[in-house]
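For reference, the structure is listed below as structure tokens.
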Amino acid sequence: SQKIEQNSEALNIQEGKTATLTCNYTNYSPAYLQWYRQDPGRGPVFLLLIRENEKEKRKERLKVTFDTTLKQSLFHITASQPADSATYLCALVLYSSASKIIFGSGTRLSIRP
Amino acid sequence: ETGVTQSPTHLIKTRGQQVTLRCSSQSGHNTVSWYQQALGQGPQFIFQYYREEENGRGNFPPRFSGLQFPNYSSELNVNALELDDSALYLCASTSERTDTQYFGPGTRLTVL
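Protein chains in written order, with my numbering: chain A, 1 to 113; chain B, 1 to 112.
What follows is the structure, encoded as structure tokens:
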């Protein structure tokens, strides 16, 4: 069956450390993968997009990797800050249906001072 | 802010009723998608419209329907509401230049 899984429901990290979130998928052929941030009661906010032929993307303190052999994406936040606390969602956009985006259930990240 | 607005913010309905949710996309974005997000879950794709035509649909029954208008606004209609329809409903408009989706703040629907 087709699945997209994010590593855990919650992750607690000490301020200043690097937070690493995982997104694994099975039986999908994504054209590209996106990461979003969602705060309570708000809509998701787009962070980064990485295409299947790209290994790594960076934006400020954020880094995303995409391994289509392992069917996995890693999302890193370096020098984490309490303001980074939120739920992070990964989403696949499929070749088979470019209009359909499949979201994972998210990882809730807490950065403690 | 994303430039995508939704109304109303909150809504309470009873089982069996009908509801219309509204979204105003960013100007120039011809694609709008609607999602249902249950508590603690990721958004689930309902359907997408491109230039006023349905362009893809997720696993939702026909009582979920939509419309898109030329002025970049759109609607999600749900008939015969069920308790499980209680969720946050999100719309998102897509920049064709960057493939980026911009989400609105959502409408929280409670069905009693």
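All C-beta atoms in this analysis are idealised placements derived from N, C-alpha and C, irrespective of residue type, glycine included.
Indicate whether at least one CB of chain A lies closer than 7 Å to the CB of residue i.
i: residue 41 (chain B); result: yes
i: residue 66 (chain B); result: no
i: residue 21 (chain B); result: no
i: residue 60 (chain B); result: no
i: residue 104 (chain B); result: yes
i: residue 56 (chain B); result: yes
i: residue 100 (chain B); result: yes
Give the DSSP-derived three-state secondary structure of residue i in the structure shown.
i: residue 30 (chain A); result: strand
i: residue 83 (chain B); result: helix
i: residue 10 (chain A); result: strand
i: residue 84 (chain A); result: helix
i: residue 60 (chain B); result: coil
i: residue 29 (chain B); result: coil
i: residue 52 (chain A); result: coil
i: residue 5 (chain A); result: strand
i: residue 105 (chain A); result: coil
i: residue 91 (chain A); result: strand
i: residue 66 (chain B); result: strand
i: residue 48 (chain B); result: strand
i: residue 38 (chain B); result: coil
i: residue 25 (chain A); result: strand
i: residue 79 (chain A); result: coil
Can you give me the C-alpha to C-alpha distance between residue i and residue j, rounded to a whole angstrom?
i: residue 31 (chain B); j: residue 71 (chain B); result: 12 Å
i: residue 2 (chain A); j: residue 78 (chain A); result: 31 Å
i: residue 22 (chain B); j: residue 101 (chain B); result: 17 Å
i: residue 52 (chain A); j: residue 8 (chain A); result: 24 Å
i: residue 76 (chain A); j: residue 23 (chain A); result: 11 Å
i: residue 12 (chain A); j: residue 52 (chain B); result: 44 Å
i: residue 82 (chain A); j: residue 80 (chain B); result: 43 Å
i: residue 39 (chain B); j: residue 111 (chain B); result: 14 Å
i: residue 27 (chain A); j: residue 43 (chain A); result: 28 Å
i: residue 63 (chain A); j: residue 56 (chain A); result: 7 Å
i: residue 29 (chain A); j: residue 36 (chain A); result: 20 Å
i: residue 27 (chain B); j: residue 107 (chain B); result: 21 Å
i: residue 95 (chain B); j: residue 33 (chain B); result: 12 Å
i: residue 59 (chain A); j: residue 16 (chain A); result: 17 Å
i: residue 74 (chain A); j: residue 46 (chain B); result: 27 Å
Under a CB-based cut-off of 7 Å, is residue i close to chain B?
i: residue 100 (chain A); result: yes
i: residue 42 (chain A); result: yes
i: residue 75 (chain A); result: no
i: residue 89 (chain A); result: yes
i: residue 46 (chain A); result: yes
i: residue 103 (chain A); result: yes
At a cut-off of 6 Å, is residue i close to the ligand GTP when judged by its beta-carbon and the heavy atoms of the ligand?
i: residue 112 (chain A); result: Absence of the ligand GTP is noted for the structure shown, with no ligands found whatsoever.
If we count Cβ pairs, one from each stretch, closer than 8 Å, do we get three or more for the stretch 4-12 of chain B versus the stretch 53-62 of chain B? They do not touch, by the three-pair rule.
Would you be able to state if there are at least three C-beta pairs under 8 Å between the stretch 11-19 of chain B and the stretch 63-71 of chain A? No, the stretch 63-71 of chain A is not in contact with the stretch 11-19 of chain B.
Cβ contact check for the stretch 84-91 of chain B and the stretch 100-113 of chain A: 3 or more pairs under 8 Å: Between the stretch 84-91 of chain B and the stretch 100-113 of chain A, the count of C-beta pairs closer than 8 Å stays below three; the two stretches do not touch.
Contact between the stretch 60-71 of chain B and the stretch 82-94 of chain A: three or more CB pairs below 8 Å? Output reads no: the stretch 82-94 of chain A does not touch the stretch 60-71 of chain B.
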